[in-house]
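A.B. asks:
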Amino acid sequence: MNEHSSRPATSPSQTTGASARADAGVDGLATLMLAIAVGKYRVPRADAESLVQDVFATYLVQQDEVRAPRAYLIGGICQASRAYWRKREASERLFVPLDVQLAADPLVPRRSVEEQVSDRLALAATLTKLNARCRHVLRMFFIEGFSATEIGTSLETTQAYAFRLVHICRDKARRIYIQLSSGARHEASKR
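When we follow the working numbering, the leftmost residue of the sequence shown carries the number 11, and every step to the right adds one.
#1: Under a three-way DSSP split, which group does PRO79 fall into?
#2: When DSSP labels each residue in this structure, what does GLN63 get in the three-state scheme?
#3: For TYR94, which residues of its own chain have a beta-carbon under 7 Å away from its beta-carbon, when the five flanking residues on both sides are left out?
#4: Can we say the region 36–50 touches the region 83–92, given the rule of at least three CB pairs closer than 8 Å?
#5: Please determine, among LEU190, ARG92 and PHE152, the residue with the shortest C-alpha to C-alpha distance to HIS177.
#6: Quick check on THR167: buried or exposed, where buried means 16 or more other Cβ atoms within 10 Å of its Cβ?
#7: Taking the alpha-carbon of ALA135 as reference, which of VAL76, PRO79, ILE188 and GLU160 has the nearest alpha-carbon?
#8: Does the distance from the C-beta atom of PHE173 to that of ALA183 stay below 7 Å?
#9: Pull up the distance between the alpha-carbon of LEU133 and that of GLY155, whole angstroms please.
#10: Under a Cβ-count criterion, where at least 16 other Cβ atoms within 10 Å of its own Cβ denotes burial, should GLU75 be classed as buried or exposed?
#11: Exposed or buried, what is VAL65 when buried is set at 16 or more other beta-carbons lying within 10 Å of its beta-carbon?
See below:
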C-alpha cells in the first residue's frame, strides 16, 4: 500500500501490462469498426479511417457517460457511415442500379423490355397510390438509408411506432405493386 492512498501501489511493469491490454483492445475495436464501415457500408477505406477516428474522438469526450463502450463505438461507426453516404449522395450513388445488378447476375433470367417497362410503370403507380407519409417513410428507409430509429426521431415519434410505420408502409406498397404488376402482365398476355 502506498502511504498516501488506500489503493495498493502498482509497479511500472504492472501499469505497462494493463496499458498494453487496453491498447490491444482499442486496436481490436478500431479494426472491427473499420471492417464495419468498409464491409457493411462500402465506405472507401481512407474515409472509413477518418470516420473511425471521429467516432473515437467523440467517445473520448463523452467517455464518462458511456456505459457500454463497445456498443457505443459500433453504433457510432454505423451512424457515421450512414451520415457519410447521406452527405455524399448528391455527388455519388450509394446503390448500383437494379438493371446493372440483374445484368451482372447469370442466375437471373433475362426479362423482356415489355416486362421491365410494365414493372416500372407499376412501381410508379404504386408510389402515387401511397399516401404522402408512406412515400416519405419508404424514401427515407430504402433510398436515404435511415434506420427505423432515425425515422422515428425525424418524424418525432417513438422507435416502436417508427418500426411499425415502416412495416405497414412496406406491406401497403407490396400489396399495391403485386396487384398492379399482375394486372399489367395479364393485360400484356391478352395481346
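In this text, a Cβ means the ideal position worked out from N, Cα and C, and glycines have one as well. Note that this is a predicted model, so its numbers are computed, not measured.
C.D. replies: On the basis of the data shown:
#1: Helix.
#2: It is helical.
#3: Taking C-beta separations shorter than 7 Å and ignoring five residues to either side along the sequence, the partners of TYR94 in its chain run VAL53, ASP57 and LEU61, following chain order.
#4: Remark: three or more beta-carbon pairs, one from each stretch, lie closer than 8 Å, so the region 36–50 and the region 83–92 are flagged as touching.
#5: Each of LEU190, ARG92 and PHE152 was checked against the Cα of HIS177, and the nearest Cα belongs to PHE152.
#6: It counts as exposed.
#7: If we check each option's Cα against that of ALA135, ILE188 comes out closest.
#8: Not a contact, by the Cβ cut-off of 7 Å.
#9: Going from the Cα of LEU133 to the Cα of GLY155 covers about 19 Å.
#10: Answer is exposed; the Cβ neighbour count stays below 16.
#11: Under this definition VAL65 is a buried residue.
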